[in-house]
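Please read the structure below before turning to the comments.
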Amino acid sequence: GAVVSQHPSRVICKSGTSVKIECRSLDFQATTMFWYRQFPKQSLMLMATSNEGSKATYEQGVEKDKFLINHASLTLSTLTVTSAHPEDSSFYICSAQRPLGPDTQYFGPGTRLTVL
Amino acid sequence: ILNVEQSPQSLHVQEGDSTNFTCSFPSSNFYALHWYRWETAKSPEALFVMTLNGDEKKKGRISATLNTKEGYSYLYIKGSQPEDSATYLCASTKGSSNTGKLIFGQGTTLQVKP
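Here the protein sequences come in this chain order: A and B.
For the first sequence, position 38 matches number 38 in the working numbering, and the numbering has no gaps at all.
Each number in the working numbering comes from the position in the second sequence (counting from 1) with 1000 added on.
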């Protein structure tokens, strides 16, 4: 299967700082990537769709100014949590889908964010 | 059903037992149902994507069925092994076309004891 990487795998930061998470598709070009987050004992919840060369689209209830998404190339999407607060502490995970391929989504291993 | 729901939440079985989990999803505006296997500290691994009512798919000792009319899917593991221990996620594609957006259930965590 395809490989999607994420960096960092774990980050601890102080309240008020910004944190950038990278998602890379290593063996195919992804025009579209997706960002999810998971709070304890809950499902993975879709946050936004990252589109290469255009603005991201956000799900209802997700603040676009807080969660900045940049899809700078066909293999890289970044999620920046701006002015992070303890309530932003969560598990963030990205996925990518092969263009014109099967419907399978390939996931990264995720990033655990802890805001102190 | 408005959300994707999985049961049971967790399951403990002995090595060699066969087991199955259930995923319920909205049957209206259905496009595809996905099953993933997720081990701790690893990426979720795609097991199956199913789109047609009555679909049955198999991968080694793992198989899945799909009923889109009533909105459920079963995942079966035959002769469970300790390496099958993981969380099994199902997800329905949001919308009636290939949007790529997935709505996940909470998962079923399987522990297989040697």
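Beta carbons: idealized from backbone N, C-alpha and C, even for Gly.
Quick caveat, the model's predicted, so the values are computed rather than measured.
- Item | Start-to-end residues for the beta strand (DSSP E) that takes in B/Q1006 | Counting along the chain, the beta strand (DSSP E) containing B/Q1006 begins and ends at 1005-1007.
- Query: Does A/L44 have its Cβ less than 9 Å from a Cβ in chain B?
  - Reply: At least one chain B Cβ lies under 9 Å of A/L44.
- Quick one: which chain B residues come within Cβ less than 8 Å of A/V114? One point to set straight first is that residue 114 of chain A is Thr, not Val, in the sequence displayed. Simply none; closest approach about 16 Å.
- Query: Excluding the five sequence neighbours on either side, which residues of its own chain have a C-beta within less than 7 Å of the C-beta of B/Q1081, listed in chain order?
  - Reply: Cβ neighbours of B/Q1081 beyond the five flanking positions: E1015, V1112.
- Item | Contained beta strand (DSSP E) runs [length at least 3] in the segment 1038-1107 of chain B, N- to C-terminal order | Every beta strand (DSSP E) stretch that sits fully inside the segment 1038-1107 of chain B and reaches 3 residues is listed by chain position as 1045-1050, 1056-1059, 1062-1067, 1072-1077, 1086-1093, 1102-1104.
- Between the CA atoms of A/R98 and B/N1053 - distance to the nearest angstrom: Spanning the two alpha carbons is a distance of roughly 24 Å.
- Could one say the Cβ of B/P1044 lies closer than 9 Å to chain A's Cβ atoms, at least one of them? For B/P1044, the nearest beta carbon of chain A is closer than 9 Å to its own beta carbon.
- Message: Strictly by DSSP, which residues pair up with A/L116?
- Response: Beta-bridge analysis with DSSP links A/L116 to no other residue.
- By DSSP, does A/E87 sit in helix, in strand, or in coil? In the structure shown, A/E87 sits in a helix (DSSP, three-state: H, G or I).
- B/N1020 - partner residues in DSSP beta bridges: Partner residues in the beta bridge of B/N1020, as assigned by DSSP, are B/Y1076.
- Task: Just mark A/Q6 as buried or exposed, buried being the case when its beta carbon has 16 or more other beta carbons within 10 Å.
- Result: So A/Q6 counts as buried.
- Task: Classify A/A96 as helix, strand or coil using the three-state DSSP reduction.
- Result: Residue state for A/A96 is assigned as strand, using DSSP reduced to three classes.
- Query: For the beta strand (DSSP E) that A/F67 lies in, which residues bound it at each end?
  - Reply: Counting along the chain, the beta strand (DSSP E) containing A/F67 begins and ends at 67-73.
- Just the Cα atoms here: how many angstroms apart are A/V11 and A/L113? Between A/V11 and A/L113, the C-alpha separation is close to 5 Å.
- Task: Within 10 angstroms of the Cβ of B/P1044, are there 16 or more other Cβ atoms? Answer buried if so, exposed if not.
- Result: It counts as buried.
- With distances taken from CA atoms, which of B/I1103, B/G1107, B/N1020 is nearest B/P1026? Here the closest residue by C-alpha is B/I1103.
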